[in-house]
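**Student:** In full-length UniProt numbering, the protein residues as written are 1 to 238. All C-beta atoms, glycine included, are put in the ideal place defined by N, C-alpha and C. My questions will all concern the structure given below.
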Amino acid sequence: MREAAPRAVTTICRALQEQIEHGLLACGSKLPAERKLSELFDTTRITLREALGQLEAQGLVYREERRGWFVSPPRLTYNPLVRSHFHAMVGEQGRVPATEVLSARLIPANAEICQLLELPALSSVYQIRRARRIDGRLVLYVEHYLNPSYFPGVLDFDLTRSLTELYAREYGIHYGRVRFDMMPTALHHEAATALRVALGSPALRIVRVNRDQHGRLIDCDLEFWRHDALHVSVEVPE
Numbered sequence: 001m002r003e004a005a006p007r008a009v010t011t012i013c014r015a016l017q018e019q020i021e022h023g024l025l026a027c028g029s030k031l032p033a034e035r036k037l038s039e040l041f042d043t044t045r046i047t048l049r050e051a052l053g054q055l056e057a058q059g060l061v062y063r064e065e066r067r068g069w070f071v072s073p074p075r076l077t078y079n080p081l082v083r084s085h086f087h088a089m090v091g092e093q094g095r096v097p098a099t100e101v102l103s104a105r106l107i108p109a110n111a112e113i114c115q116l117l118e119l120p121a122l123s124s125v126y127q128i129r130r131a132r133r134i135d136g137r138l139v140l141y142v143e144h145y146l147n148p149s150y151f152p153g154v155l156d157f158d159l160t161r162s163l164t165e166l167y168a169r170e171y172g173i174h175y176g177r178v179r180f181d182m183m184p185t186a187l188h189h190e191a192a193t194a195l196r197v198a199l200g201s202p203a204l205r206i207v208r209v210n211r212d213q214h215g216r217l218i219d220c221d222l223e224f225w226r227h228d229a230l231h232v233s234v235e236v237p238e
């Protein structure tokens with residue numbers, strides 16, 4: 001019995017992977033319910049979930065809380081050296097972007113944000129929390145922190161649009177030097193809830209610290225990407 005479960009997991013993984021690779025299970029399509037899959041493969045829900053978990057780790061399928069399992073679409077190619085923004089980057093790759101504002105308010109900056117923006121203790125910042133989709137799929141939870149000195153009245157604008165374009169149009173501010181820090185992480189409560197995944201799910205955390213054309217620290221972004229949604233690709237120019 002101890003050897004049967006691993007063999008069943010391998011069988012399920014191979015079968016589903018083959019169906020996906022041959023296009024019989026299309027990208028973005030919903031898999032049958034776990035009960036039906038268990039019956040199909042004549043196995044237990046525990047064994048099935050182990051197989052689905054392995055496929056999820058490979059980026060072939062993904063799960064959304066209360067919705068079920070889906071076939072993963074292609075990853076978005078992300079080059080930090082290219083000056084762009086989410087909507088432009090997604091659109092240029094033939095995909096459909098969408099942004100939802102979760103909250104936007106003036107708050108006291110915590111210690112990390114004070115350090116990133118080189119602000120004194122007890123400073124206030126604009127916090128904008130957004131969830132972003134590609135082809136309808138939730139892939140990114142992001143927290144933007146803006147130095148209010150440079151963006152008076154920013155909360156009055158349509159924040160579902162590109163902040164990059166808003167800065168240029170309304171404030172004459174353009175991004176200059178940008179610093180990126182990337183590391184794997186586990187999703188905290190706010191990010192997991194926004195992306196409709198389990199608390200502690202794997203993700204890629206990207207911290208962007210942005211200066212403007214005059215070298216001033218203007219804002220920073222804390223991005224939490226689903227681990228299977230992004231392909232980071234960088235080509236360094238000569």
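Quick one: which unbroken alpha helix (DSSP H) runs of 4-plus residues sit fully inside the segment 92 to 132? Chain order, please.
**Tutor:** Runs of the alpha helix (DSSP H) inside the segment 92 to 132: 111 to 117.
**Student:** In its own chain, which residues sit with a C-beta less than 7 Å from the C-beta of residue 155, not counting the 5 before and 5 after it?
**Tutor:** Closer than 7 Å at the Cβ level, and outside the excluded window around residue 155, lie 104, 126.
**Student:** Under the rule that 16 or more other beta-carbon atoms within 10 Å means buried, what is residue 236, buried or exposed?
**Tutor:** Per the 10 Å Cβ criterion, exposed.
**Student:** For residue 158 and residue 87, I'd like the C-alpha separation in whole angstroms.
**Tutor:** Residue 158 and residue 87: Cα-Cα distance of roughly 14 Å.
**Student:** How close, in whole Å, do the beta carbons of residue 130 and residue 142 come, if the pair is a contact with beta carbons under 8 Å?
**Tutor:** With a Cβ gap of about 5 Å, residue 130 and residue 142 count as contacting.
**Student:** Rounded to whole angstroms, what's the CA-CA distance from residue 199 to residue 137? Just pull it up for me.
**Tutor:** Roughly 18 Å separates the two Cα atoms.
**Student:** Please report how far the alpha carbon of residue 21 lies from the alpha carbon of residue 219, in whole angstroms.
**Tutor:** Distance between the alpha carbons of residue 21 and residue 219 is about 42 Å.
**Student:** What are the residues that DSSP puts in a beta bridge with residue 27?
**Tutor:** Bridge partners of residue 27: none, in fact.
**Student:** Have a look at residue 210 and residue 17 and give me their C-alpha separation to the nearest angstrom.
**Tutor:** Going from the Cα of residue 210 to the Cα of residue 17 covers about 41 Å.
**Student:** Go to residue 189, then tell me how far its alpha helix (DSSP H) extends in each direction, as first and last residue.
**Tutor:** That run of the alpha helix (DSSP H) goes 189 to 195.
**Student:** Tell me, which residues are paired with residue 220 by DSSP?
**Tutor:** BP columns for residue 220 point to 145, 209.
**Student:** Suppose the cutoff is 7 Å on Cβ atoms and the five residues either side in sequence are ignored; what does the same chain contact list for residue 151 look like?
**Tutor:** Answer for residue 151: 126, 171, listed in chain order.
**Student:** Between the segment 52 to 72 and the segment 27 to 37, can you find at least three pairs of beta-carbon atoms closer than 8 Å?
**Tutor:** Yes, the segment 27 to 37 touches the segment 52 to 72.
**Student:** Nearest CA to the CA of residue 12: which residue from 55, 35, 26?
**Tutor:** Cα-wise, what sits closest to residue 12 is 55.
**Student:** Alpha carbon to alpha carbon, what distance is there between residue 94 and residue 47?
**Tutor:** Straight-line Cα distance between these residues: approximately 37 Å.
**Student:** For the beta strand (DSSP E) that residue 229 lies in, which residues bound it at each end?
**Tutor:** From DSSP, residue 229 is part of no beta strand (DSSP E); its letter is neither H nor E.
**Student:** According to DSSP, is residue 70 part of a helix, a strand, or is it coil?
**Tutor:** Note: residue 70 maps to strand in three-state DSSP.
**Student:** Check whether the Cβ atoms of residue 106 and residue 80 lie closer than 8 Å to each other.
**Tutor:** Not in contact: residue 106 and residue 80 (Cβ atoms no closer than 8 Å).
**Student:** Can you grab the Cα-Cα spacing for the pair residue 57 / residue 203, in whole Å?
**Tutor:** Looking at the two C-alpha atoms, the distance is approximately 11 Å.
**Student:** Taking the straight line between their C-alpha atoms, what separation do you get for residue 100 and residue 36?
**Tutor:** Their backbone Cα atoms lie some 34 Å apart in a straight line.
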